[in-house]
Amino acid sequence: MLGSSTLNKRWVLAYRYADLEQDRPRSRFTLDYNVNPRLMLGLEYNSAVGELAFRGTYVLMAETERQPQAHLGTSSDRIGTPEGYQQYSITFAKAIPETPLAPYFSITYSEFDEQLVFPFGTTVELSPSWGLTAMNDGRKTHALVTYRAEDFYVQAGWIWLERWSLTFGFGF
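Read in order, the letters of the sequence shown are residues 1139 to 1310 in my numbering.
This is the structure:
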């Protein structure tokens, strides 16, 4: 998926505002540290509720011409869930050769739901700087459009296909 991992920087700081009625997901800061090409560690702070959560991603298998990328990840549970819940996932993603499409599928344990959910989606690379992602988080659908530059990204979201969000990320 598009976002902080698309910046080839050691540190990425991002802020998201979401036009949502729930307090927790409305205002979120993230700080991610790319330890190496396979490991990202970070923190997420949801300022409206004072929630601090751990984020992390470990690439188990890098994408090649024949195999998808597989990575383990954790972060706060999906947007719209109450504070204090984490999610844990394994995700498989593969760019389809000679197309702009890169679908993904996850098997995710949601602490809030106390069960597995199955997020999925596809990113369409519109150009080297622009991408469009259609996704389902295992319960609800979202759409994201992202502009990436060398040191920053901007992402506009349509959360639950009802409410907007805007994210700014900076790499250093």
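The beta-carbon is built from N, C-alpha and C at its ideal position, and this holds for glycine as well.
These numbers were taken from a predicted model, which means no experiment stands behind them.
Beta-carbon gap between residue i and residue j smaller than 8 Å
i, j, result
"arginine 1148", "alanine 1156", "no"
"leucine 1190", "tyrosine 1196", "no"
"threonine 1260", "glycine 1269", "no"
"arginine 1176", "arginine 1166", "no"
"proline 1220", "phenylalanine 1192", "no"
Run of the beta strand (DSSP E) containing residue i, from where it starts to where it stops
i, result
"glutamine 1225", "1224-1231"
"glutamate 1182", "1177-1184"
"leucine 1169", "1165-1174"
"threonine 1279", "1279-1286"
"glycine 1152", "For the record, residue 1152 in the displayed sequence is alanine; it is not glycine. It spans 1149-1156 - the beta strand (DSSP E) in which alanine 1152 sits, taken as one unbroken run."
Same chain only: Cβ atoms within 6 Å of residue i, ignoring 5 sequence neighbours per side
i, result
"phenylalanine 1308", "Leu1151 and Phe1290"
"glycine 1188", "none"
"methionine 1273", "Gly1259 and His1280"
Test: residue i CB closer than 8 Å to a CB of chain C
i, result
"glycine 1269", "No chain C is present in this structure, which holds just one protein chain."
Status (buried if at least 16 other CB within 10 Å, exposed otherwise) for residue i
i, result
"threonine 1202", "exposed"
"alanine 1240", "buried"
"valine 1255", "buried"
"glycine 1180", "buried"
"glutamine 1205", "exposed"
"glutamine 1225", "buried"
"methionine 1199", "exposed"
Proximal residues to residue i (C-beta, below 8 Å), its chain only, five neighbours per side dropped
i, result
"serine 1227", "Leu1210, Gly1211, Thr1212, Ser1244, Ile1245, Thr1246, Tyr1247 and Pro1257"
"leucine 1140", "Confidence in leucine 1140 is poor, its pLDDT being 41 and thus under 50, which makes the residue's placement unreliable; the coordinate value appears in the next sentence. Within the same chain, leucine 1140 has close Cβ partners Thr1261, Gly1269, Thr1271, Leu1282, Thr1284, Arg1286, Tyr1291 and Gln1293."
DSSP beta-bridge partners of residue i
i, result
"glycine 1211", "Thr1195 and Ser1227"
"phenylalanine 1253", "This sequence places glutamine at residue 1253; phenylalanine is not what is there. Beta-bridge pairing links glutamine 1253 to Ser1248."
"asparagine 1274", "Phe1258 and Thr1279"
"glutamine 1293", "Thr1284 and Thr1305"
heavy atom of the ligand HEM below 7 Å from residue i C-beta
i, result
"phenylalanine 1310", "As far as ligands go, the structure on display features none, and thus does not contain the ligand HEM."
Nonlocal neighbours in the same chain, by C-beta distance under 7 Å from residue i, ignoring five residues either side
i, result
"isoleucine 1297", "Ala1156, Leu1158, Ile1217, His1280 and Ser1303"
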